[in-house]
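A short worksheet on the structure shown next.
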Amino acid sequence: MGPRYDGEYLKELLDKELGVVTLKQTLTQVIIPTYDIKRLFPVIFTTAEAKMDELNNPLLADVCLSTSAAPTYLPSHKFGIEGNSNIFHMIDGGVAANNPTLTAILHEKKAMIIRSELETEKKNKEAKLKMSPKKLLVLSLGTGSFKKIGKYDAEDTAKWGILSWVHKNKTTPIIDIFSDANADMVDIHLATMFQYDHDLHKNDGNKKDNHRKKDYLRIQAADLSGDELCSVDIATKENLENLEIVGEKLLDETVSRVNLKTGRYEKLSSKKGTNREALVKFAERLSKERKLRLSG
Numbered sequence: 001m002g003p004r005y006d007g008e009y010l011k012e013l014l015d016k017e018l019g020v021v022t023l024k025q026t027l028t029q030v031i032i033p034t035y036d037i038k039r040l041f042p043v044i045f046t047t048a049e050a051k052m053d054e055l056n057n058p059l060l061a062d063v064c065l066s067t068s069a070a071p072t073y074l075p076s077h078k079f080g081i082e083g084n085s086n087i088f089h090m091i092d093g094g095v096a097a098n099n100p101t102l103t104a105i106l107h108e109k110k111a112m113i114i115r116s117e118l119e120t121e122k123k124n125k126e127a128k129l130k131m132s133p134k135k136l137l138v139l140s141l142g143t144g145s146f147k148k149i150g151k152y153d154a155e156d157t158a159k160w161g162i163l164s165w166v167h168k169n170k171t172t173p174i175i176d177i178f179s180d181a182n183a184d185m186v187d188i189h190l191a192t193m194f195q196y197d198h199d200l201h202k203n204d205g206n207k208k209d210n211h212r213k214k215d216y217l218r219i220q221a222a223d224l225s226g227d228e229l230c231s232v233d234i235a236t237k238e239n240l241e242n243l244e245i246v247g248e249k250l251l252d253e254t255v256s257r258v259n260l261k262t263g264r265y266e267k268l269s270s271k272k273g274t275n276r277e278a279l280v281k282f283a284e285r286l287s288k289e290r291k292l293r294l295s296g
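In full-length UniProt numbering, the protein residues as written are 1 to 296.
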């Protein structure tokens with residue numbers, strides 16, 4: 001018994017739309033996580049590295065097939081890069097980076113170091129680069145969560161064997177737990193990096209830290225319900241319209257943060273504004289930054 005879909009239509013579509021377009025030709029900088037099941041190691045494809053080295057410049061269609069190859073849904077994807085002796089055996093990068101925000105931040109830090117080193121060579125002097133979150137403006141868009149707290153407990157799971165952990169009541173407990181834990185760890189790391197105080201009742205009046213909080217915005221539909229809304233492969237017109245409704249409602253909800261003590265998304269004070277308002281402020285800051293850079 002193979003995966004739910006054979007992937008032939010997706011491959012045909014990507015080949016038609018992307019053809020021989022390679023990763024370095026993307027119109028914007030992209031960072032795409034995948035996982036090599038033969039080497040048992042994550043592989044991160046980036047526009048920046050593709051531009052620096054042709055051996056890291058695969059066909060974009062191959063990268064898309066790799067990162068969409070969710071186990072049990074689509075087949076693994078095998079491909080090579082011209083001139084590169086490595087053969088990749090890929091599945092969905094979500095197994096390693098279900099929330100890729102931290103991956104993007106780390107690769108941007110790496111790019112900053114490279115730019116700094118190049119600048120040092122040009123000017124023949126020491127470059128000073130502060131590795132600080134203050135240099136970053138991060139927007140993280142979730143794809144929705146249907147985590148049901150209280151679904152499992154120690155009394156029940158203590159009696160489970162391998163089959164129950166793999167499949168129980170039409171769910172896959174061990175996979176769900178690994179996936180949620182993966183994404184939650186990113187929230188924990190980012191909370192530390194941007195110095196969030198997830199205790200919503202605490203206010204120390206530190207304006208510097210409060211400013212840093214505005215540099216990171218996470219928008220996530222945390223309480224999806226219903227089999228269709230929570231699915232990853234139901235693309236009917238009705239379901240897509242329902243997802244659009246969820247998105248519109250989410251825009252007008254108050255900005256939320258994960259409470260690290262409870263694991264739940266909690267709305268901040270109404271003074272923090274809605275997700276829609278926060279996005280507008282982000283856009284204004286980015287526009288201002290771009291104008292400053294273009295002006296020299």
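Just so you know, even glycine gets a beta-carbon here, dropped at the ideal spot from N, CA and C.
Contact check, residue i vs residue j, beta carbons under 8 Å
| i | j | result |
| --- | --- | --- |
| alanine 278 | valine 246 | no |
| alanine 50 | asparagine 57 | yes |
| tyrosine 35 | aspartate 233 | no |
| glycine 83 | leucine 55 | yes |
| glycine 144 | leucine 18 | no |
| serine 76 | alanine 69 | yes |
| threonine 67 | leucine 190 | no |
| leucine 23 | leucine 65 | no |
| alanine 183 | asparagine 99 | yes |
| proline 42 | alanine 96 | yes |
| leucine 136 | aspartate 215 | yes |
| aspartate 252 | threonine 236 | no |
| glutamate 228 | asparagine 239 | yes |
| threonine 78 | isoleucine 91 | It should be noted that the sequence gives lysine, not threonine, for residue 78. It is not a contact, given that the beta carbons lie outside the stated cut-off. |
| leucine 60 | threonine 26 | yes |
| isoleucine 37 | histidine 89 | yes |
Extent of the continuous alpha helix (DSSP H) to which residue i belongs
| i | result |
| --- | --- |
| aspartate 180 | 173-193 |
| phenylalanine 282 | 275-294 |
| serine 66 | 60-67 |
| tyrosine 9 | 8-18 |
| alanine 235 | Alanine 235 -> no alpha helix (DSSP H), and no H or E assigned at all. |
| threonine 157 | 154-157 |
Segment limits, beta strand (DSSP E) that includes residue i
| i | result |
| --- | --- |
| methionine 90 | 87-92 |
| valine 138 | 138-141 |
| valine 258 | 256-258 |
| isoleucine 219 | 216-219 |
Beta-bridge pairing of residue i - partner residues as DSSP gives them
| i | result |
| --- | --- |
| isoleucine 32 | Phe45 |
| phenylalanine 146 | Phenylalanine 146 is not bridged to any residue. |
| tyrosine 265 | Val258 |
| glycine 80 | Ile87 |
| threonine 22 | Leu59 |
| lysine 168 | Thr171 |
Cutoff 8 Å: residue i Cβ touching any chain B Cβ
| i | result |
| --- | --- |
| threonine 262 | Looking for chain B here will not work: only one protein chain is present. |
Rounded Cβ spacing between residue i and residue j (contact assumed at less than 8 Å)
| i | j | result |
| --- | --- | --- |
| leucine 286 | isoleucine 219 | About 16 Å; that fails the 8 Å criterion. |
| leucine 268 | arginine 257 | 6 Å |
| phenylalanine 282 | leucine 139 | 6 Å |
| valine 186 | isoleucine 174 | About 20 Å separates the two Cβ atoms, so there is no contact after all. |
| valine 63 | isoleucine 113 | So it is not a contact: roughly 24 Å between Cβ atoms. |
| cysteine 230 | phenylalanine 178 | Contact flag wrong, Cβ pair sits at about 17 Å. |
Contact test: residue i Cβ vs the ligand SAH heavy atom, cutoff 7 Å
| i | result |
| --- | --- |
| leucine 260 | With respect to the ligand SAH, the structure shown offers nothing to examine, as it has no ligands at all. |
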